[in-house]
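S.K.: Add 118 to a position in the sequence shown, counting from 1, and you land on the number used in this note's numbering.
Take a look at this one; I'll ask things after.
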Amino acid sequence: MTFRVLTGQFMHETNTFAAVKTDIAAFGRMIRHRGADEIEAHLAGTNTEMAGYIDAAAEHGWEPVHTVAAVANPLGPVTDEAFEHFSGLILDGLVENGPVDGIALALHGAMVTESHEDAETELLRRVRAVAGPDTPVCCTLDLHANVGPAFAGMVQIVCSYLTYPHIDMRARARRAGDLLQRAMAGEIRPRLAYARRPMLQGADGGRTDVEPMIGLGKKADAFMAADPRVLDISINAGFGQSDIPDVGPSAIVTGDGDDPSFQAIAEELMDDIWTARDVVNNVYLGVGEAAAIARDFNYKDKPLVIADYADNPGAGAYGDATNLLAAMLDADLDNACFGALYDPAAAADLAGAGVGARMTAPLGGKTDPRFGGPPLPLTGDVVSVTDGVMTFDGPMMAGVTKSFGPTAVFRVKGVEILVVSNLMQIIDLRQFLAHGIDPRARKTVALKSMQHFRAAYEPLAERVVVCDSGGLATPDLTRFAYAKVRRPLHPLDPDAAFAAP
Ligand SMILES: [Zn+2]
Numbered sequence: 119m120t121f122r123v124l125t126g127q128f129m130h131e132t133n134t135f136a137a138v139k140t141d142i143a144a145f146g147r148m149i150r151h152r153g154a155d156e157i158e159a160h161l162a163g164t165n166t167e168m169a170g171y172i173d174a175a176a177e178h179g180w181e182p183v184h185t186v187a188a189v190a191n192p193l194g195p196v197t198d199e200a201f202e203h204f205s206g207l208i209l210d211g212l213v214e215n216g217p218v219d220g221i222a223l224a225l226h227g228a229m230v231t232e233s234h235e236d237a238e239t240e241l242l243r244r245v246r247a248v249a250g251p252d253t254p255v256c257c258t259l260d261l262h263a264n265v266g267p268a269f270a271g272m273v274q275i276v277c278s279y280l281t282y283p284h285i286d287m288r289a290r291a292r293r294a295g296d297l298l299q300r301a302m303a304g305e306i307r308p309r310l311a312y313a314r315r316p317m318l319q320g321a322d323g324g325r326t327d328v329e330p331m332i333g334l335g336k337k338a339d340a341f342m343a344a345d346p347r348v349l350d351i352s353i354n355a356g357f358g359q360s361d362i363p364d365v366g367p368s369a370i371v372t373g374d375g376d377d378p379s380f381q382a383i384a385e386e387l388m389d390d391i392w393t394a395r396d397v398v399n400n401v402y403l404g405v406g407e408a409a410a411i412a413r414d415f416n417y418k419d420k421p422l423v424i425a426d427y428a429d430n431p432g433a434g435a436y437g438d439a440t441n442l443l444a445a446m447l448d449a450d451l452d453n454a455c456f457g458a459l460y461d462p463a464a465a466a467d468l469a470g471a472g473v474g475a476r477m478t479a480p481l482g483g484k485t486d487p488r489f490g491g492p493p494l495p496l497t498g499d500v501v502s503v504t505d506g507v508m509t510f511d512g513p514m515m516a517g518v519t520k521s522f523g524p525t526a527v528f529r530v531k532g533v534e535i536l537v538v539s540n541l542m543q544i545i546d547l548r549q550f551l552a553h554g555i556d557p558r559a560r561k562t563v564a565l566k567s568m569q570h571f572r573a574a575y576e577p578l579a580e581r582v583v584v585c586d587s588g589g590l591a592t593p594d595l596t597r598f599a600y601a602k603v604r605r606p607l608h609p610l611d612p613d614a615a616f617a618a619p
């Protein structure tokens with residue numbers, strides 16, 4: 119039997135403290151494809167959710183209805199116009215092609231719009247209004263999803279990423295699609311068991327290279343091995359820079375049928391996350407400390423990598439923080455690189471001056487200098503100008519082509535600065551290589567990323583250090599005034615505030 123399956127991808131991780139909204143154009147700067155032809159041409163075979171659903175469609179002989187693939191870089195709330203536009207494409211597809219046998223969605227789980235604090239739940243409400251309560255819906259989520267109980271009640275199958283750095287987007291969508299196939303065929307009757315605790319975020323941000331996530335993952339595997347009715351388990355670490363009631367980590371068990379043991383599994387996983395609530399593996403250095411380590415670094419043939427954790431554009435930071443760069447220049451580092459610094463005006467000026475030009479430019483710090491430092495008036499040489507386009511080849515997004523927009527490399531003393539026009543965190547070597555910087559040959563590689571950089575950069579590094587430059591994704595939560603989250607909430611409230619969580 120041929121099943122007709124509607125697919126749609128609409129993803130954003132919203133930092134509600136970011137002052138810059140996410141509009142339709144922001145999706146155009148990352149992933150924005152419409153209809154089967156565009157989606158298959160751009161995404162088939164890549165490490166993306168849509169590729170996983172395309173694989174599932176081919177394997178199971180679906181008649182797929184691919185509506186839209188839209189992903190924007192994390193930043194402030196999604197505009198109502200953008201939400202209505204992209205959710206409208208999914209809903210129009212449903213109306214025009216319905217009834218369908220199943221629905222396969224790729225969502226982030228932490229989208230907030232101007233009007234909806236839990237945008238994924240709003241989208242599912244609208245999907246259910248058209249498709250009815252019984253059409254099976256599978257959904258992939260980012261491991262940093264903030265999932266509330268209302269959402270969990272409207273979806274039958276959830277497969278969140280199991281990795282951070284995220285390297286299993288295609289595999290998780292394929293898994294969700296395979297379960298959807300079994301549900302449509304009547305082999306299973308999936309439904310979700312859901313649990314959470316009063317926490318802003320959990321499991322040390324979800325890092326899957328350290329505890330507690332390593333142990334949690336093993337435990338989840340054991341639960342699935344012990345009972346084939348446990349179809350899948352998702353452990354969401356949550357995304358803390360979101361001032362909404364449903365912020366925080368959650369565990370979701372996709373079970374076959376209704377059995378209290380599924381709920382018990384979700385609760386046990388969340389008990390573990392609660393117990394490990396104070397675990398932090400990173401040591402967050404000040405920028406001066408990080409620059410001093412670089413100055414004294416005994417370089418042989420592999421670089422020191424400094425992660426500018428707090429200015430990670432992958433968590434909604436502005437990507438133009440200058441504090442770490444200033445410290446590196448003060449320390450007189452040589453053979454160093456720094457990137458990507460988001461500054462479209464400077465990138466245009468540098469590109470306009472051309473390769474070989476020596477000039478003085480105010481660099482970075484323009485969005486909100488309270489988070490990461492003011493613009494730096496720097497004199498240096500333009501050593502590279504490109505259109506910013508690169509095709510990734512690393513573990514996270516191999517095969518995906520993206521663009522920094524007009525891009526220049528500006529050398530100031532011993533530091534090559536990658537100045538870009540499109541906000542993006544560093545996850546792939548091609549982001550430096552395509553613009554003339556070989557990070558494998560630098561003594562110090564400073565990059566804006568929290569954790570994703572580890573997939574491509576940890577293997578080539580002699581040492582990795584992490585610093586808090588004061589950017590908007592700072593781990594120092596005292597800098598934010600939470601007003602809408604549910605209380606009490608760890609770590610905003612003391613342990614004494616929690617009776618028996
Ligand atoms: Zn994530």
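Don't be surprised by glycine CBs; every beta carbon is placed ideally from N, CA and C.
From a predicted model like this one, the values you see are computed outputs, not experimental measurements.
Whole angstroms are fine: how far does the CA of Pro-192 sit from the CA of His-203?
M.R.: Taking the straight line joining both Cα atoms gives about 18 Å.
S.K.: Hey, Leu-459 and Leu-481 are a contact pair by Cβ (cut 8 Å); roughly how many whole angstroms apart?
M.R.: About 7 Å separates the two Cβ atoms, so the contact holds.
S.K.: Which value, in whole angstroms, describes the spacing of the CA atoms of Met-317 and Gly-470?
M.R.: Using only the alpha carbons, I get a separation of about 49 Å.
S.K.: If you follow the beta strand (DSSP E) that Ala-224 is part of, which residue opens it and which one closes it?
M.R.: Segment 220-225, the beta strand (DSSP E) holding Ala-224.
S.K.: Could you please give the first and the last residue of the uninterrupted beta strand (DSSP E) stretch that includes Val-123?
M.R.: Start and end: 122-129.
S.K.: Can you list the residues near ligand 1, meaning Cβ strictly closer than 6 Å to any non-hydrogen atom, in the order they appear in the chain?
M.R.: Spelled out in chain order, the answer is Asp-260, Leu-261, His-262 and His-284.
S.K.: To test your reading of the DSSP string, which unbroken beta strand (DSSP E) runs of 3 or more residues are found completely within the segment 349-395?
M.R.: As far as the segment 349-395 is concerned, its whole beta strand (DSSP E) runs of at least 3 residues are 368-374.
S.K.: What do you get for Thr-309, buried or exposed, if any count of 16 or more other CB atoms within 10 angstroms of its CB means buried?
M.R.: According to the sequence shown, residue 309 is Arg rather than Thr. So Arg-309 counts as buried.
S.K.: Under 8 Å, Cβ to Cβ, is there at least one residue of chain C near Leu-481?
M.R.: Absent from the structure: chain C. Only one protein chain is present.
S.K.: Consult DSSP for Asp-499 and reduce its assignment to one of helix, strand or coil.
M.R.: Here Asp-499 sits in strand by DSSP.
S.K.: Going straight from the alpha carbon of Gln-543 to that of Ser-567, what length do you get?
M.R.: Going from the Cα of Gln-543 to the Cα of Ser-567 covers about 5 Å.
S.K.: Taking the alpha carbon of Asn-430 as the point to measure from, which residue in Gln-359, Gly-406 and Glu-158 has its own alpha carbon closest?
M.R.: The candidate whose alpha carbon is nearest that of Asn-430 is Gln-359.
S.K.: If you follow the alpha helix (DSSP H) that Arg-244 is in, where does it begin and where does it stop?
M.R.: Its alpha helix (DSSP H) spans residues 237-249.
S.K.: Can you grab the Cα-Cα spacing for the pair Ile-353 / Asp-364, in whole Å?
M.R.: Those two C-alpha atoms are separated by around 15 Å.
S.K.: Just how far apart, CA to CA, sit Val-537 and Phe-489?
M.R.: Computed Cα separation, rounded: 18 Å.
S.K.: Leaving out five residues before and five after Ala-154 in sequence, what residues of the same chain have Cβ atoms less than 6 Å from its Cβ?
M.R.: Cβ neighbours of Ala-154 beyond the five flanking positions: His-184.
S.K.: Taking all protein chains shown into account, decide if Arg-395 is buried (16 or more other Cβ within 10 angstroms of its Cβ) or exposed.
M.R.: Arg-395 should be labelled buried.
S.K.: Which whole-angstrom value describes the C-beta separation of Val-362 and Val-230, a residue pair presumed to lie in contact below a C-beta threshold of 8 Å?
M.R.: It should be pointed out that residue 362 corresponds to Ile in this sequence rather than to Val. 6 Å between Cβ atoms; contact.
S.K.: How big is the Cα-Cα spacing for Tyr-427 and Tyr-282?
M.R.: One C-alpha to the other measures close to 15 Å.
S.K.: Please report how far the alpha carbon of Asp-390 lies from the alpha carbon of Val-371, in whole angstroms.
M.R.: Those two C-alpha atoms are separated by around 15 Å.
S.K.: Quick check on DSSP: helix, strand or coil for Met-119?
M.R.: The answer is coil: DSSP assigns Met-119 none of H, G, I, E or B.
S.K.: How would you write the range of the beta strand (DSSP E) that Val-530 sits in, first residue to last?
M.R.: Run containing Val-530: 525-530, per the beta strand (DSSP E) assignment.
S.K.: Can you find at least 3 beta carbon pairs, one from the segment 488-503 and one from the segment 511-520, that sit closer than 8 Å?
M.R.: Output reads no: the segment 511-520 does not touch the segment 488-503.
S.K.: Rounded to whole angstroms, what's the CA-CA distance from Arg-290 to Asp-322? Just pull it up for me.
M.R.: C-alpha separation (whole angstroms): 22 Å.
S.K.: Would Ile-383 and Val-348 qualify as a contact pair, given that the criterion is a beta-carbon distance under 8 Å?
M.R.: Yes. Within cutoff.
S.K.: Compare the C-alpha of Tyr-575 against each of Tyr-600, Pro-557 and Gly-216 and name the closest.
M.R.: The shortest Cα separation from Tyr-575 among Tyr-600, Pro-557 and Gly-216 belongs to Pro-557.
S.K.: Quick one: Cα of Phe-341 to Cα of Asp-586, how far?
M.R.: Cα-Cα distance, rounded: 38 Å.
S.K.: Where in the segment 291-355 do unbroken runs of the alpha helix (DSSP H), each at least 4 residues long, occur, reported from the N-terminal end onward?
M.R.: Within the segment 291-355, the complete alpha helix (DSSP H) runs of at least 4 residues are 331-344.
S.K.: Do you know how far the Cα of Thr-326 is from the Cα of Lys-337?
M.R.: So the two alpha carbons sit approximately 13 Å from each other.
S.K.: Report the CB separation of Val-501 from Arg-529 in whole angstroms; it is logged as a contact under 8 Å.
M.R.: Indeed, because the Cβ distance is near 5 Å, the residues count as touching under 8 Å.
S.K.: Counting C-beta neighbours from all protein chains within 10 Å, is the total for Glu-131 16 or more, i.e. buried, or is it exposed?
M.R.: Flag for Glu-131 reads buried.
S.K.: Quick check on DSSP: helix, strand or coil for Tyr-402?
M.R.: Strand.
S.K.: Let me check one thing: in DSSP terms, what residues is Arg-476 bridge-paired to?
M.R.: Asp-499.
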